[in-house]
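Same order as they appear, the protein sequences are chains C and R. Count along the first sequence starting at 1, add 208, and that's the number in the working numbering. Count along the second sequence starting at 1, add 113, and that's the number in the working numbering. I have placed the structure first, in the form of C-alpha cells, so that the comments after it can refer back to it.
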Amino acid sequence: MKPLIEVQNISKSYRMGERGFRSLRDSFHFWWKETLRKNENRAERQLFQNFWALKDVSFEIKAGEAVGVLGRNGAGKSTLLKVLANLTEPSEGQAILRGRIASLLEVGSGFHPDLTGRENIFLNGAFLGMKKKEVAQQFDAIVQFSENEAFIDTPVKHYSKGMYTRLAFSVAAHLNTDILLLDEVLELGDLAFQKRAIDKMIERKKEGKAILFVSHDSERVQSLCERALNLEDGKLTFDGQMAQGMQHYLTSVNPSIIL
Amino acid sequence: MSEAFTKVIRANKSWLSFDLRDFVHYRDLLFLMVRREFVAKYKQTLLGPLWFIIQPTLMAIVFVFLFSETMHVPTEGVPPVLFYFSGIIVWNFLSNSLSAISLSMLHHAELCKKVYFPRLFLPVSQLFSSLFAFLIQAMVLAALYLLFALTDKQFHCSPNSAIVFLPLWLLQLGLLSLGLGTWIAGLTSRYRDFHHLTQLGLTLWMYASPISYSLKLVSPKWKWIVLANPASSVILSIRSAIFGTEAISWNVQMASIGASFVICVTGVLFFNRVQRNFIDTV
Numbered sequence: 209m210k211p212l213i214e215v216q217n218i219s220k221s222y223r224m225g226e227r228g229f230r231s232l233r234d235s236f237h238f239w240w241k242e243t244l245r246k247n248e249n250r251a252e253r254q255l256f257q258n259f260w261a262l263k264d265v266s267f268e269i270k271a272g273e274a275v276g277v278l279g280r281n282g283a284g285k286s287t288l289l290k291v292l293a294n295l296t297e298p299s300e301g302q303a304i305l306r307g308r309i310a311s312l313l314e315v316g317s318g319f320h321p322d323l324t325g326r327e328n329i330f331l332n333g334a335f336l337g338m339k340k341k342e343v344a345q346q347f348d349a350i351v352q353f354s355e356n357e358a359f360i361d362t363p364v365k366h367y368s369k370g371m372y373t374r375l376a377f378s379v380a381a382h383l384n385t386d387i388l389l390l391d392e393v394l395e396l397g398d399l400a401f402q403k404r405a406i407d408k409m410i411e412r413k414k415e416g417k418a419i420l421f422v423s424h425d426s427e428r429v430q431s432l433c434e435r436a437l438n439l440e441d442g443k444l445t446f447d448g449q450m451a452q453g454m455q456h457y458l459t460s461v462n463p464s465i466i467l
Numbered sequence: 114m115s116e117a118f119t120k121v122i123r124a125n126k127s128w129l130s131f132d133l134r135d136f137v138h139y140r141d142l143l144f145l146m147v148r149r150e151f152v153a154k155y156k157q158t159l160l161g162p163l164w165f166i167i168q169p170t171l172m173a174i175v176f177v178f179l180f181s182e183t184m185h186v187p188t189e190g191v192p193p194v195l196f197y198f199s200g201i202i203v204w205n206f207l208s209n210s211l212s213a214i215s216l217s218m219l220h221h222a223e224l225c226k227k228v229y230f231p232r233l234f235l236p237v238s239q240l241f242s243s244l245f246a247f248l249i250q251a252m253v254l255a256a257l258y259l260l261f262a263l264t265d266k267q268f269h270c271s272p273n274s275a276i277v278f279l280p281l282w283l284l285q286l287g288l289l290s291l292g293l294g295t296w297i298a299g300l301t302s303r304y305r306d307f308h309h310l311t312q313l314g315l316t317l318w319m320y321a322s323p324i325s326y327s328l329k330l331v332s333p334k335w336k337w338i339v340l341a342n343p344a345s346s347v348i349l350s351i352r353s354a355i356f357g358t359e360a361i362s363w364n365v366q367m368a369s370i371g372a373s374f375v376i377c378v379t380g381v382l383f384f385n386r387v388q389r390n391f392i393d394t395v
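Next up, the structure:
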C-alpha cells in the first residue's frame, strides 16, 4: 500500500529584510531607491534576502503511523504543517497526500464567534471538507467528547479557552479523515482532557490514520508517536525511532544533557 | 481512503490550475458560508432582516424629496418612488457585493492561515449573500409596484416582454462585481491603497450611473460616459423592462455584457494566482 503522505524535497523560502510592502508608496519608494543605486555594488543593493524556513525535506508516512515533529522554535515545524495543509505553496518540491486531511493548526480555526456551538460544529466540519450528513452522524459523539453539552446552543464567543479547545479538537478527531495534522492544539485543555485526547488519537492511529503531531510537550509526543522527525533550521536532521529522536532533540537544545 | 482524495501539493503551479474537485467536495461549505454571511449581518440586531429594506427605502424617500419635489427632475412618467427605488437596489447589489468581495480576502486572512478550503468561496459567498439581500429588496419593489398599479389612476407603466432577460442582467451584474471584486481583493492583499481607492471609485461610479436621473436628461455630448459604464446598461435595461421606459440598443448591451465577462474571467484568474501564497504577504 502506498504511503498516505509522501513529501519529496519540499522547500519553502520567505523574503527577509526591508521588502515587506504595505502600500504602493513603499513600493515606489523601494523602486526609486533601486534605480538610484543601479551603479553601486550589486551585493549592497540586495536589500532583502531569502530565508529558508524549510530546505529539502523528504519523508513518507504510512497508514497507522503517528509521527511527532521535534525542533526548536523557528525550526520550520509549523511551516511544514502549513504547506502540507495546503495553506501556502512550497517554493520547491512536491507532496502527495492520499486521503482526506483534517488540519488543526490553531484552536478554533474556522469557528465563527457569533454562531452557537452546534452551528460551529457543522461549519467547522464543512471547513474540514465534510458533508453535512457526515457531521450529523458524528454530532452526538463530538458534543459528548467535548463535554460542552450544556452550552451547545450558546454562541462560542462566550466559551472559555478550554471549552473552545475541547470543541475544536473533538470536531477534528471525530470526522472521518485519513490524515490528521495537529500543531500545538492540546496545550489549552486541562490535563484530563489532554489525556483523553491522546487516547482518542491512539485509537484513530490504530484505525489506520496517519498523524503528524507538533507539540512542545515531550510526554504527550512520546505517548502518541513512535516515530520522530527532527527539524533544525528548516532541514530534516533525524528520521527514526521516537526515543532516539527525543535524545537527538534534547542534545541539540542543550549538548550537556545525556539521558 | 480513496484515490479520489489524493492531492498533490507542488511549487510553481500554472495560472490556470484550479482544483475543481475541491469545489464539489466542499459544496456544503459554500452553502454554510453564504448562510453565515447573510445571517451575521443581522445577528444581534432588533430589526433583523428589516435592515435590508430600511436603507434603500430611506434613500428613495430622500431622492424623491430632493430631485422630484425640490428640483422637479422628470422621471420618464414613472412614479418617482419606483424610479429611484429600482435604481437604488440594482446599484446596491453591485456596490455592496463589490465592496464585500474586495475585502473578503483581507477579512478572512486569519481563517486562511489556519484552514484550507477553496479560497474562491470567499468572494462567491459574498456575492450570493448580496444577491439574497437584493431579492428581498426586489420583492419590496414588486409590492410597491402593485400598490401603485392598484391605487393610482394615472399610473400607466407596464412591464414588457424584455422582462425575461432579468436573470441575464442579474448574472451580468454578478459577473461584474465578482470580477472587479476579485481584482481588488487580490491587489488589496498586497497593497492597502486599493481599499481606499475602491470606496472613492464606488462613489464616483454611482454618479456616473443613471440612478437618480434618466438618460434623456444627459446631454448628447456626455451620454457616452453613462453608456460606457456597464452598470448603466443594466439599470436602464431593467427599468425599461419593468416600467416600459426607453430601452438601450442591443449593441451597447452586448458590449457591456462582454466587458463584464472579460473582467470576471481575468479577476478570478488573478485571485486564484494570489490566493496560493497570500498568507505569506498579507
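For each residue, glycine too, the CB sits at the ideal point set by N, CA and C. Model, not experiment: these values are computed from the prediction.
Limits of the alpha helix (DSSP H) - the one that residue i falls within
i: residue 331 (chain R); result: Neither: residue 331 (chain R) is in no alpha helix (DSSP H) and is coded neither H nor E.
i: residue 379 (chain R); result: 363 to 388
i: residue 134 (chain R); result: 133 to 138
i: residue 347 (chain R); result: 343 to 356
i: residue 429 (chain C); result: 426 to 432
i: residue 455 (chain C); result: 450 to 461
i: residue 360 (chain C); result: No alpha helix (DSSP H) holds residue 360 (chain C); DSSP gives it neither H nor E.
i: residue 186 (chain R); result: Careful: residue 186 (chain R) lies outside any alpha helix (DSSP H) and carries neither H nor E.
i: residue 175 (chain R); result: 164 to 176
Counted within 10 angstroms of its Cβ, other Cβ atoms place residue i as buried (16 or more) or exposed
i: residue 253 (chain C); result: With a pLDDT of 47 at residue 253 (chain C), under the threshold of 50, the predicted position of this residue should be treated as unreliable, and no value is reported.
i: residue 121 (chain R); result: exposed
i: residue 273 (chain R); result: exposed
i: residue 366 (chain C); result: exposed
i: residue 323 (chain R); result: buried
i: residue 382 (chain C); result: buried
i: residue 229 (chain R); result: buried
i: residue 437 (chain C); result: buried
i: residue 291 (chain C); result: buried
i: residue 320 (chain R); result: exposed
i: residue 251 (chain C); result: Legend: pLDDT at residue 251 (chain C) = 48, less than 50; position of this residue unreliable, no value from coordinates given.
i: residue 412 (chain C); result: buried
i: residue 161 (chain R); result: exposed
i: residue 312 (chain R); result: exposed
i: residue 373 (chain C); result: buried
Enclosing beta strand (DSSP E) for residue i [first to last residue]
i: residue 419 (chain C); result: 418 to 422
i: residue 275 (chain C); result: 274 to 278
i: residue 435 (chain C); result: 435 to 440
i: residue 392 (chain R); result: Looking at the DSSP string, residue 392 (chain R) is not in any beta strand (DSSP E), and its letter there is neither H nor E.
i: residue 270 (chain C); result: Careful: residue 270 (chain C) lies outside any beta strand (DSSP E) and carries neither H nor E.
i: residue 119 (chain R); result: 119 to 123
Chain R contact residues for residue i, given Cβ-Cβ distances below 7 Å
i: residue 304 (chain C); result: 119, 121
i: residue 340 (chain C); result: 141
i: residue 444 (chain C); result: Within 7 Å Cβ-Cβ: nothing; residue 444 (chain C) doesn't reach chain R, min ~17 Å.
i: residue 151 (chain C); result: For residue 151 (chain C) there is no data in the structure shown, the boundaries of chain C being 209 and 467.
i: residue 314 (chain C); result: 227
i: residue 301 (chain C); result: 124
Interface residues of chain C facing residue i [CB-CB closer than 8 Å]
i: residue 334 (chain R); result: Result: empty, since nearest Cβ-Cβ is about 34 Å, beyond 8 Å.
i: residue 139 (chain R); result: 334, 337
i: residue 225 (chain R); result: 295
i: residue 149 (chain R); result: 320, 323, 331
Chain-ordered neighbours of residue i on chain A, where CB pairs are closer than 7 Å
i: residue 296 (chain C); result: Reference to chain A is not applicable here, since the protein chains of this structure are C and R.
Proximal residues of chain C, C-beta to C-beta of residue i below 7 Å
i: residue 228 (chain R); result: 311, 317, 318, 335
Beta-carbon neighbours of residue i, restricted to chain C and to distances below 9 Å
i: residue 153 (chain R); result: 320, 322, 323
i: residue 156 (chain R); result: 322, 323, 363
Amino acids of chain R, ordered along the chain, whose beta-carbon sits closer than 8 Å to that of residue i
i: residue 330 (chain C); result: 145
Proximity test, residue i beta-carbon vs the ligand NAD heavy atom, cut-off 7 Å
i: residue 392 (chain R); result: In the structure on display, the ligand NAD does not appear, and there are no ligands present to speak of.
| query | Touching or not, the stretch 235 to 247 of chain R and the stretch 137 to 155 of chain R, by the rule of three or more beta carbon pairs under 8 Å? | reply | yes
| message | What ranges does the alpha helix (DSSP H) occupy inside the stretch 282 to 358 of chain C, keeping only unbroken runs of at least 4 residues that lie completely in it? | response | 285 to 292, 325 to 335, 340 to 354
| Are three or more beta carbon pairs between the stretch 378 to 390 of chain C and the stretch 412 to 432 of chain C nearer than 8 Å? | yes
| query | Could you give the uninterrupted runs of the alpha helix (DSSP H) lying entirely in the stretch 374 to 420 of chain C, keeping only those of 4 residues or more? | reply | 399 to 414
| task | Could you name each continuous alpha helix (DSSP H) segment of 4 residues or more that falls completely within the stretch 249 to 325 of chain R, going from the start of the chain to the end? | result | 279 to 301, 306 to 320
| On the three-pair Cβ rule with 8 Å, is the stretch 332 to 350 of chain R touching the stretch 369 to 385 of chain R? | yes
| query | Is the stretch 154 to 164 of chain R in contact with the stretch 341 to 358 of chain C, if contact means three or more CB pairs nearer than 8 Å? | reply | no
| query | For the stretch 195 to 248 of chain R, which segments carrying the beta strand (DSSP E) assignment without a break, of at least 3 residues, lie completely within its bounds, in sequence order? | reply | none
| message | Does the structure place the stretch 232 to 242 of chain R close enough to the stretch 137 to 147 of chain R that three or more beta carbon pairs sit under 8 Å? | response | yes
| request: Inspect the CB distances between the stretch 266 to 284 of chain C and the stretch 354 to 368 of chain C and report whether three or more fall short of 8 Å. | output: no
| task | Decide yes or no for the touch test of the stretch 442 to 456 of chain C against the stretch 309 to 329 of chain C: beta carbon pairs closer than 8 Å, at least 3 of them. | result | no
| said: Taking contact to mean 3 or more Cβ pairs, one atom from each stretch, closer than 8 Å, check whether the stretch 308 to 315 of chain C and the stretch 325 to 332 of chain C are in contact. | reply: no
| said: Three Cβ pairs or more, each shorter than 8 Å: is that satisfied between the stretch 200 to 216 of chain R and the stretch 285 to 293 of chain R? | reply: yes
| query | For the stretch 262 to 270 of chain R against the stretch 164 to 183 of chain R, are there 3 or more C-beta pairs whose distance is under 8 Å? | reply | no
| message | Does the contact criterion of 3 or more C-beta pairs under 8 Å hold for the stretch 261 to 277 of chain C versus the stretch 194 to 204 of chain R? | response | no
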